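Novice:
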Amino acid sequence: MYLRRYTLDGMDGVRMHRLGKRLIDLSREVTTSAGDAALTPAEVAVIEDVLKHPGSAVSEIKVRTGFAQSHVSESVARLKERGLIETPPDAADRRRTRVWLSESARRAVLARAGRSADEVIARVVEDHVRAGRVTALLDELAELLL
Numbered sequence: 041m042y043l044r045r046y047t048l049d050g051m052d053g054v055r056m057h058r059l060g061k062r063l064i065d066l067s068r069e070v071t072t073s074a075g076d077a078a079l080t081p082a083e084v085a086v087i088e089d090v091l092k093h094p095g096s097a098v099s100e101i102k103v104r105t106g107f108a109q110s111h112v113s114e115s116v117a118r119l120k121e122r123g124l125i126e127t128p129p130d131a132a133d134r135r136r137t138r139v140w141l142s143e144s145a146r147r148a149v150l151a152r153a154g155r156s157a158d159e160v161i162a163r164v165v166e167d168h169v170r171a172g173r174v175t176a177l178l179d180e181l182a183e184l185l186l
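If you read the sequence shown in this note's numbering, its first letter stands for residue 41, the second for the next number, and so on.
Have a look at this one:
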């Protein structure tokens, strides 16, 4: 039993994928508020990328996200319409657009990013001892993998 728990045969790709999706869903519960505009997964990926790499060109966002350039361009256009993204022309090349988070979007993202996941985990797991263990395991995974 002990060896089984700590070998690599306990986690297959499908189970890992399901766990990753569940963690994404739970993280969205932590980082969104009632009344927030619903964002597509692509829009979330673009916002996350621009937060990490402000002033990027659409082509650079495309490379980092793995999306088609048309998909990134459409997401940027929708986010710009909502006032979440600003796209001033590049000073060196006026044909090129640089992508920045708007100040209000940047403040909202940073405020939500600092929220604790404890409440959501406690609601989902219910048993407070096990919820604490889940939180500790997530912290350990973050240290090991991020």
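Here a beta-carbon is modelled for each residue, glycine too, at the ideal position from N, C-alpha and C. Here the structure is a predicted model, which means the values were calculated and not measured.
(1) If we count the other Cβ atoms within 10 Å of its Cβ and call it buried at 16 or more, is Ile101 buried or exposed?
(2) Any idea if Ser110 is buried or exposed, counting beta-carbon neighbours within 10 angstroms, 16 or more meaning buried?
(3) Measuring CB atoms only, is the region 126 to 141 touching the region 167 to 176, in the sense that at least three cross pairs come out at less than 8 Å?
(4) Report the three-state DSSP secondary structure of Ser10 (helix, strand or coil).
(5) Thr137 bridges to which residues according to DSSP?
(6) When we look at the beta-carbon of Asp89 and count the other beta-carbons within 10 Å, is it buried (16 or more) or exposed?
(7) Can you have a look at Ala145 and say buried or exposed, based on whether 16 or more other CB atoms are within 10 angstroms of its CB?
(8) Let's test the definition: count the other Cβ atoms within 10 Å of the Cβ of Ala151 and tell me whether it reaches 16, buried, or not, exposed.
(9) Distance check for Gly53 and Ala171, CA to CA, integer angstroms please.
(10) In three-state DSSP terms, what is Ala145?
(11) Along the alpha helix (DSSP H) that carries Asp65, what are the first and last residues, could you check?
(12) Near Arg104, what residues of its chain come up, given a Cβ to Cβ distance below 6 Å and the 5 sequence neighbours on each side ignored?
(13) In chain order, what residues of the same chain lie with their CB nearer than 8 Å to the CB of Gly123, ignoring the 5 residues before and after it?
Specialist: Let's see:
(1) Counting from 1 along the sequence shown, the entry for residue 101 is found at position 61. Result: buried.
(2) Translated into the one-based positions of the sequence shown, residue 110 becomes position 70. Result: exposed.
(3) no
(4) The shown model of the chain, from 41 to 186, leaves out residue 10, and the question about it has no answer.
(5) Working through the sequence shown from its first residue, we reach residue 137 at position 97. DSSP, once it has assigned bridges, lists Pro129 as partnering Thr137.
(6) Locating residue 89 in the sequence shown gives position 49, counting from the first residue. Burial call: buried.
(7) Translated into positions along the sequence shown, residue 145 becomes position 105. That one is buried.
(8) Residue 151 sits at position 111 when you count from the first residue of the sequence shown. So Ala151 ends up on the exposed side.
(9) Here residue 171 corresponds to residue number 131 of the sequence shown, with the count starting at 1. Here residue 53 corresponds to residue number 13 of the sequence shown, with the count starting at 1. Approximately 24 Å between the Cα atoms of the pair.
(10) Taking the first residue of the sequence shown as position 1, residue 145 is located at position 105. Of the three classes helix, strand and coil, the one that applies to Ala145 here is helix, per DSSP.
(11) What you label residue 65 is simply residue 25 of the sequence shown in a count that begins at 1. Run containing Asp65: Gly53 to Thr71, per the alpha helix (DSSP H) assignment.
(12) Residue 104 sits at position 64 when you count from the first residue of the sequence shown. Around Arg104: Asp89.
(13) Position 83 of the sequence shown, counted from the start, is the residue given in the question as residue 123. Closer than 8 Å at the Cβ level, and outside the excluded window around Gly123, lie Ser142, Ser144 and Ala145.
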